[in-house]
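Chemist: Provided herewith is a single structure, encoded as C-alpha cells, for subsequent inquiry.
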Amino acid sequence: MILEAADLYTDVSTRPNIKTSRVETLAKLYLDSEPAQIDDATLVELCDWLWGEFQTTPLNLEFSWYERYQNAAEMFADIKQSHLWVSAENYDTSLGINPIYNFILYAVHNHDHYRTHSDFSMEGELATYNATAKRAPSLIIQKIIYSESVLRPAAYLFLGHAPTSKIVFL
C-alpha cells in the first residue's frame, strides 16, 4: 500500500477509516487462540534467519523502554538518519529465545515498514508482513511473523494497548 504523505503523520489510533471488521476479526483470532507450541529446531531456524537479516539492516538500532513512534513519519525520519528506536513494549517473551532476537525481529519489521512505505494501519502491517515473509526461510517462520506482524498489531489496534504476548498459529 503506497501512502499519501498525510497518512504517514496520522496516529492510527485516531484514524477514522480503520476497517473495524478486519481489525476486529484478526484481533479476536489472536486474543481467542491458544499459544502455539514451537519446537527447538524452529527456534534455531528463526534465530539464524533473524541474525542474517540483522547483519543486512543498515541502521543504528537503539533499545528503549519508553520511546515509541506515534506515526510512521516519525520512524521514517529516524531511519533516513540511519537510526531506529526499538521499544521494549514490542518484545514478545513467549518465544523462549534470547531477548536480542525479539529486538532484531522488531528492527527488521520496522525497517520493512520503511522499505514498503507503509504506516501502522492494518493495511500497513499487512504490507510489511508480506515484505518480510517473502524472505522467510520456511512456512513455519512465516506463521510466526504473521502472528507478530499482523495478528498482534490487530489486537493492539482493537484493544488500544499492547495485548499479552504470544505466538498463535491459525
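Sequential numbering of the sequence shown, starting at 1184, is according to my numbering.
Each residue gets a CB set at the ideal place from its N, CA and C atoms; glycine is no exception.
1) Assuming contact is defined by CB atoms lying nearer than 8 Å, are residue 1352 and residue 1326 in contact in what I supplied?
2) Let's see if you can read the secondary structure: which residues bound the alpha helix (DSSP H) around residue 1333?
3) So for residue 1244, helix, strand or coil by DSSP?
4) By DSSP, does residue 1184 sit in helix, in strand, or in coil?
5) Could you compute how far the alpha carbon of residue 1316 sits from the alpha carbon of residue 1206?
6) Distance check for residue 1233 and residue 1284, CA to CA, integer angstroms please.
7) What number of angstroms, rounded off, separates the C-alpha of residue 1303 from the C-alpha of residue 1223?
8) Residue 1350: which of 1341, 1323 and 1219 sits nearest, CA to CA?
9) With DSSP collapsed to three states, give me the class of residue 1269.
10) I need the DSSP call for residue 1249, collapsed to helix, strand or coil.
11) Grouping DSSP H, G and I as helix and E and B as strand, with all else coil, what is residue 1189?
12) Going straight from the alpha carbon of residue 1261 to that of residue 1248, what length do you get?
13) Using the C-alpha atoms, what's the distance from residue 1243 back to residue 1265?
14) Just curious, the alpha helix (DSSP H) that residue 1292 is in, first and last residue?
15) For residue 1347, is the classification buried or exposed, using 16 other Cβ atoms within 10 angstroms of its Cβ as the cut-off for buried?
Modeler: Taking the geometry as given:
1) By 1-based counting over the sequence shown, the position of residue 1352 is 169. By 1-based counting over the sequence shown, the position of residue 1326 is 143. Result yes, Cβ atoms of residue 1352 and residue 1326 sit closer than 8 Å.
2) Along the sequence shown, read from residue 1 onward, the residue named residue 1333 stands at position 150. Taken as a continuous stretch (DSSP letters only), residue 1333 belongs to no alpha helix (DSSP H), as it is neither H nor E.
3) Walking along the sequence shown from the start, residue 1244 turns up at place 61. Here residue 1244 sits in strand by DSSP.
4) For this step, residue 1184 is matched to residue 1 along the sequence shown. Confidence at residue 1184 is low in this model, with a pLDDT of 44, below 50, so the placement of that residue should be treated as unreliable; the coordinate-derived value is given next. Under the three-state reduction of DSSP output, residue 1184 falls in the coil class, being neither helix nor strand.
5) Along the sequence shown, one-based indexing puts residue 1316 at 133. Along the sequence shown, one-based indexing puts residue 1206 at 23. Rounded to the nearest angstrom, the two C-alpha atoms are 20 Å apart.
6) Against the sequence shown, residue 1284 aligns to sequence position 101. Against the sequence shown, residue 1233 aligns to sequence position 50. Distance between the alpha carbons of residue 1284 and residue 1233: 7 Å.
7) For the purposes of this step, residue 1303 is taken as residue 120 along the sequence shown, with counting starting at 1. For the purposes of this step, residue 1223 is taken as residue 40 along the sequence shown, with counting starting at 1. The straight-line gap from Cα to Cα measures roughly 31 Å.
8) One-based indexing of the sequence shown puts residue 1350 at position 167. If we check each option's Cα against that of residue 1350, 1219 comes out closest.
9) Here the question's residue 1269 lines up with position 86 in the sequence shown. If DSSP states are grouped into helix, strand and coil, residue 1269 belongs with the strands.
10) Numbered from its first residue, the sequence shown carries residue 1249 at position 66. Looking at residue 1249 - three-state DSSP - the assignment turns out to be coil, as it is neither helix nor strand.
11) For the purposes of this step, residue 1189 is taken as the residue at position 6 of the sequence shown. In this predicted model, residue 1189 has a pLDDT of only 45, less than 50, meaning its place in the structure is not dependable enough to derive any value.
12) Within the sequence shown, numbered from 1, the residue matching residue 1261 stands at position 78. Within the sequence shown, numbered from 1, the residue matching residue 1248 stands at position 65. Near 17 Å, if we compare the C-alpha coordinates of residue 1248 and residue 1261.
13) The count along the sequence shown starts at 1 and reaches residue 1265 at position 82. The count along the sequence shown starts at 1 and reaches residue 1243 at position 60. The straight-line gap from Cα to Cα measures roughly 6 Å.
14) The residue labelled residue 1292 in the question sits at position 109 within the sequence shown. Start and end: 1282 to 1299.
15) Stepping through the sequence shown from its first residue, residue 1347 is reached at position 164. The residue in question, residue 1347, is exposed, as its Cβ has fewer than 16 Cβ neighbours within 10 Å.
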